[in-house]
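Visitor: Below you'll find the structure I mean.
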Amino acid sequence: MDPRVGSCIEDDQLTEGARREGEMTETGFERDVRFIFELGSLRHVQRTWVQFGGLAYSNVAEHTLRVCWISMILARRENASIEKVVRLAMIHDLPEIRTGDVNYLSRLYVERHEDRALADMADGVSIENELTELWREYRARESLEAKIVKDADTLDVDFELKESSVTGGSLLDPLRDVRNKYREKLFTSTAKLIFDELYRADPHAWHVAEQARLTGDGDDTKKS
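Here it is, written out as structure tokens:
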């Protein structure tokens, strides 16, 4: 009897189990951990259109987060799978960890190899098949969910342009005609409605409305 386990296990069986556990640590987990570290670097990948506006636009990780939320809203209104759009949104710019972000001007001169970048990133990771399938679905733009994520990706640019217009940026005016053309390329009717609304909206309304609760109108704070 092995006193370590309190049951009759042969020493060679125990050794074999430990060996298998060691292999899992050295290969499978090691590759997953490297991938997770690589994911963390996404927050250091800057979106290169800062070249045109000079403002601190969101990095790719921050962009990806809002694309996830926009995708969820679109999915709810378009009767699509929220779970699927979140997964697709998480991967939609993942290759930029290796390729970097390329703005609309640079794309005239630079060829990116996003498929190869994604394949190399996913190689040997425990969720390699899932990553590959999600990437192929997003790139194909055939499913409703993939179209929704592309719409969300487009809309986040417009949200950020609108935000920058009230924080000192001047890029919105020269790009407005171009952005209107992007509106026509949106796949879903919901995305087009949100596009129209965001340009009518005040980016500060979300917190100004709450301030009104403290200054009189709609005050629901505890009264002394």
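Residue numbers (this note's numbering): 15 to 238.
Yeah, the Cβ is synthetic: ideal placement off N, Cα and C, and Gly gets one too.
What you are looking at is a predicted structure, and each value in this text was computed from that prediction instead of being measured.
1) Measure from the alpha carbon of CYS82 to the alpha carbon of each residue in LYS164, ARG193, HIS127 and VAL100, then state which is nearest.
2) Exposed or buried, what is THR181 when buried is set at 16 or more other beta-carbons lying within 10 Å of its beta-carbon?
3) Using a Cβ-Cβ cut-off of 8 Å (strictly less than) and excluding sequence neighbours within five positions of SER55, which residues of its own chain qualify?
4) In angstroms, rounded to a whole number, what distance separates the CA positions of ASN93 and THR204?
5) Could you tell me the alpha carbon to alpha carbon distance between ARG150 and GLU224, rounded to whole angstroms?
6) What residues in its chain sit with their C-beta under 8 Å from that of TYR213, if we drop five residues either side in the sequence?
7) Taking its Cβ as the centre, do 16 or more other Cβ atoms sit within 10 Å of LYS164, making it buried, or is it exposed?
8) Measure the C-alpha to C-alpha separation of THR78 and LEU169 and round it to an integer number of angstroms.
9) Quick check on the burial criterion: 16 or more other C-beta atoms within 10 angstroms. Buried or exposed for PHE209?
10) Output the distance between the C-alpha atoms of ALA32 and THR146, rounded to the nearest integer angstrom.
11) Could you please give me the residues that DSSP links to ASN286 through a beta bridge?
12) In chain order, which continuous runs of the alpha helix (DSSP H) of length 4 or greater are located wholly inside the segment 105-151?
13) Going by other Cβ atoms of all chains shown within 10 Å of its Cβ, with 16 needed for buried, is GLU24 buried or exposed?
14) Among the candidates LEU102, VAL59, SER72 and GLU52, whose CA atom is the shortest distance from the CA of ILE162?
15) If you draw a straight line from the C-alpha of PRO217 to the C-alpha of ARG80, how long is it?
16) Give the straight-line distance between the Cα atoms of GLU142 and PRO109, rounded to the nearest whole angstrom.
Guide: The structure says:
1) Indexing the sequence shown from 1 puts residue 82 at position 68. That would be VAL100, whose Cα lies nearest to the Cα of CYS82.
2) Here residue 181 refers to the residue found at position 167 of the sequence shown. So THR181 counts as exposed.
3) Your numbering for residue 55 matches position 41 in the sequence shown. Closer than 8 Å at the Cβ level, and outside the excluded window around SER55, lie ILE111.
4) Here residue 93 refers to the residue found at position 79 when the sequence shown is read from its first residue. Here residue 204 refers to the residue found at position 190 when the sequence shown is read from its first residue. Per the coordinates, the alpha-carbon of ASN93 lies some 11 Å from the alpha-carbon of THR204.
5) As a working mapping, residue 150 is identified with position 136 in the sequence shown. As a working mapping, residue 224 is identified with position 210 in the sequence shown. Those two C-alpha atoms are separated by around 43 Å.
6) To locate residue 213, count along the sequence shown from 1; it is residue 199. Closer than 8 Å at Cβ, skipping near neighbours: ASP172 and LYS176.
7) Locating residue 164 in the sequence shown gives position 150, where the first residue counts as 1. Counting Cβ neighbours within 10 Å, LYS164 comes out buried, since at least 16 surround it.
8) To locate residue 78, count along the sequence shown from 1; it is residue 64. To locate residue 169, count along the sequence shown from 1; it is residue 155. Here the C-alpha atom of THR78 lies approximately 12 Å from the C-alpha atom of LEU169.
9) Stepping through the sequence shown from its first residue, residue 209 is reached at position 195. The residue is buried, with at least 16 neighbouring Cβ atoms inside 10 Å.
10) Taking the first residue of the sequence shown as 1, we reach residue 32 at position 18. Taking the first residue of the sequence shown as 1, we reach residue 146 at position 132. Note that ALA32 scores a pLDDT of 40, beneath 50, so its modelled location is shaky; the value from the coordinates is reported in the next line. Straight across, the Cα-Cα distance linking ALA32 with THR146 is about 32 Å.
11) The displayed coordinates of the chain run from 15 to 238. Any statement about residue 286 would go beyond what the structure contains.
12) Counting only runs of 4 or more, we get 110-113 and 128-136.
13) For the purposes of this step, residue 24 is taken as residue 10 along the sequence shown, with counting starting at 1. Because the pLDDT at GLU24 is just 44, under 50, the model does not fix this residue reliably, and the point stays unresolved.
14) Here residue 162 refers to the residue found at position 148 when the sequence shown is read from its first residue. Of LEU102, VAL59, SER72 and GLU52, the smallest CA-CA separation from ILE162 is found for LEU102.
15) Counting from 1 along the sequence shown, the entry for residue 217 is found at position 203. Counting from 1 along the sequence shown, the entry for residue 80 is found at position 66. Distance from the CA of PRO217 to the CA of ARG80, rounded to the nearest whole angstrom, comes to 15 Å.
16) Walking along the sequence shown from the start, residue 142 turns up at place 128. Walking along the sequence shown from the start, residue 109 turns up at place 95. Whole-angstrom Cα-Cα distance: 14 Å.
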